[in-house]
Amino acid sequence: MNFSGLTAAGRAALVPVLACAVTLGGLGAWTASGAAGRPPAVTVEDARVLLPFGRDDTAAFFRVRNDGDVDDELVGVDAPTAGGAMLSRTVVKKGAGTMRMVRSATVPAGGTLEMSPHGLDVMVSAPPRLKLGDRLPVVLKFRGAGAVRVEAAVVRPGN
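Sequential numbering of the sequence shown, starting at 1, is according to full-length UniProt numbering.
Next comes the structure, spelled out in structure tokens:
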């Protein structure tokens, strides 16, 4: 190639431009070959919310599967028809259970995040009047997979 017609500034800019082009080409080939792994592929199953008995709050539980090759992170939750929703964890100390707010939860690559009354759950504040068999819309927000909308079935505690 003959670069004699380029100004000094043009020649100086040519090196980073060519470096970027080579890098992007290499990343494209790496991704196309599958070597970059599959992105998080999150599915939400077994969505259920406990029937509240004389309380303003209740809890919802989900089984979250990640069939991707990289971890994902549950970073938020929303229950549009309720007063609010947040990730929480039940912690037992000296026989008494307390609820603690949790900012996020990891969904491991090729693994499952299982929510339960004895660990991670979603606290739902001021849900609408619910009865057995109703469905509560919930949106789980993941860092990689984005928003996943589900309907949690209303069940009796212990189910």
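From the three backbone atoms N, C-alpha and C, an ideal C-beta is built for every residue, glycine too.
The Cβ neighbour count for D56, taken over all protein chains shown within 10 Å, is under 16; the residue is labelled exposed.
Counting C-beta pairs with one atom in each stretch, the segment 61 to 74 and the segment 113 to 127 have three or more that are closer than 8 Å, which means they touch. Under the criterion of beta carbons closer than 8 Å, A109 and D46 do not qualify as touching, at roughly 20 Å. Between R135 and A147, the beta carbon gap of about 18 Å keeps them out of contact (Cβ cut-off 8 Å). By a beta-carbon distance limit of 8 Å, N66 contacts V107. Their separation comes to about 4 Å.
Shown here, P128 sits in coil according to DSSP, grouped into three states, outside any helix or strand.
In the DSSP assignment, R63 falls within the unbroken beta strand (DSSP E) covering 57 to 66.
Non-local beta-carbon contacts of G97 in its own chain, meaning distances under 6 Å to residues more than five positions away in sequence, involve T90 in chain order. About 6 Å separates the beta carbon of A105 from that of L87, a gap short enough to meet the 8 Å contact definition. In this structure, P80 lies near V139, with their beta-carbon atoms less than 9 Å apart. The three-state secondary structure of F53, taken from DSSP, is coil. Spanning the alpha carbons of G83 and F62 requires a straight line of approximately 19 Å.
Under DSSP, T81 takes part in no beta bridge, so it has no partner. Taking every protein chain shown into account, the CB of F53 has fewer than 16 other CB atoms within 10 angstroms, so this residue is exposed. Within the model, the alpha-carbon separation for V49 versus V155 is close to 6 Å.
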